[in-house]
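Undergrad: Quick note: the sequence shown, position 95, residue 95 per my numbering, numbers continuous.
All C-beta atoms in this analysis are idealised placements derived from N, C-alpha and C, irrespective of residue type, glycine included.
Owing to the predicted nature of the structure, the values given are computational and were not obtained by experimental measurement.
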Amino acid sequence: MLALCLSGCAFIHSQVGESCKSRAHVQLILSDYLSHRFDSHSPVRVALIPYSVPANLAADSSQRPGVGNELAWQIHQKLLATGAVPIVEVFNRPDWPQKKDEFFTGNFGALSMAREAGYDLMLVGLVENMRATDELTAHSKLIEVESGVTVWYGTDTAWTRRPEMDIVQDRLFLGDRSPSKMYFGPIVEQLSSCIVNSMTSEEPTPE
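See the structure below:
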């Protein structure tokens with residue numbers, strides 16, 4: 001009986017985990033855009049500005065930096081790994097007034113700071129208010145600093161099926177499921193992968 005339970009759990013583990021979906025509102029092929037706008041030997045610099053997030057996901061101490069910072073760090077690692085741009089840096093500036101609102105009205109504050117710091121492109125974004133504890137949605141824009149051209153603008157949603165596994169384990173007395181249990185780590189990991197894959201895609205992202 002125990003062997004059967006363990007076998008069943010192994011199968012369920014293979015079926016659950018994280019998934020995501022992407023929608024590109026603006027999709028210029030990044031490699032083509034860079035080759036047309038910059039010299040092939042130019043050290044193109046990309047600034048990743050930590051995402052704007054709802055208050056309950058924001059940083060509350062240096063030990064708990066918040067989902068916006070964590071998402072930027074994850075994107076930093078994954079974007080560097082693609083080799084799509086030579087220099088990628090997290091541009092961690094304190095929030096400025098209207099940071100979240102300006103995402104939909106021009107990103108002028110972010111563009112000004114990125115320009116002063118000598119960046120060529122910047123990634124800005126915001127995370128929506130959570131509709132469920134197992135799902136996160138983020139809106140992101142990759143913008144050329146000098147021209148203000150949006151190279152890529154996408155909406156990505158990531159979710160986890162881990163609570164389903166918790167329910168099964170709870171019923172088999174193999175877990176300690178709690179209604180308040182959160183999975184921000186795996187969801188943010190998946191969301192960052194989804195964002196980078198969409199941003200660097202060589203094909204328009206299907207709607």
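Go ahead and pull the three-state DSSP assignment for Ala10.
TA: Translated into positions along the sequence shown, residue 10 becomes position 10. Note that Ala10 scores a pLDDT of 47, beneath 50, so its modelled location is shaky and nothing firm can be said.
Undergrad: Checking 8 Å against the spacing of the C-beta atoms, do Val188 and Glu70 come in under that value?
TA: Translated into the one-based positions of the sequence shown, residue 188 becomes position 188. Translated into the one-based positions of the sequence shown, residue 70 becomes position 70. Yes, they are a contact pair.
Undergrad: Let me know if Gly68 comes out buried or exposed under the rule of 16 or more other beta-carbons within 10 Å of its beta-carbon.
TA: Along the sequence shown, read from residue 1 onward, the residue named residue 68 stands at position 68. Answer is buried; the Cβ neighbour count reaches 16.
Undergrad: Start and end of the alpha helix (DSSP H) containing Met199?
TA: If you number the sequence shown from 1, residue 199 lands on position 199. 184-199 is the span of the alpha helix (DSSP H), which, as asked, contains Met199.
Undergrad: Rounded to the nearest angstrom, what separates Pro50 and Gly125 at their Cα positions?
TA: Taking the first residue of the sequence shown as position 1, residue 50 is located at position 50. Taking the first residue of the sequence shown as position 1, residue 125 is located at position 125. Cα-Cα distance, rounded: 8 Å.
Undergrad: Between Ala72 and Trp152, is the Cβ-Cβ spacing less than 8 Å?
TA: Within the sequence shown, residue 72 is the residue found at index 72, counting from 1. Within the sequence shown, residue 152 is the residue found at index 152, counting from 1. Their beta carbons are not under 8 Å apart, which means Ala72 does not touch Trp152 by this criterion.
Undergrad: Does Gly17 pass the burial test, meaning 16 or more other C-beta atoms within 10 Å, or should it be called exposed?
TA: By one-based count along the sequence shown, residue 17 stands at place 17. Exposed, because fewer than 16 other Cβ atoms sit within 10 Å of the Cβ of Gly17.
Undergrad: With a cut-off of 8 Å, do at least 3 Cβ pairs link the stretch 89-106 to the stretch 35-55?
TA: Yes, they touch.
Undergrad: What is the C-beta distance between Ile29 and Glu202, in whole angstroms, given that I count them as a contact (C-beta under 8 Å)?
TA: The residue given as residue 29 occupies position 29 in the sequence shown. The residue given as residue 202 occupies position 202 in the sequence shown. Correct: roughly 6 Å between the Cβ atoms.
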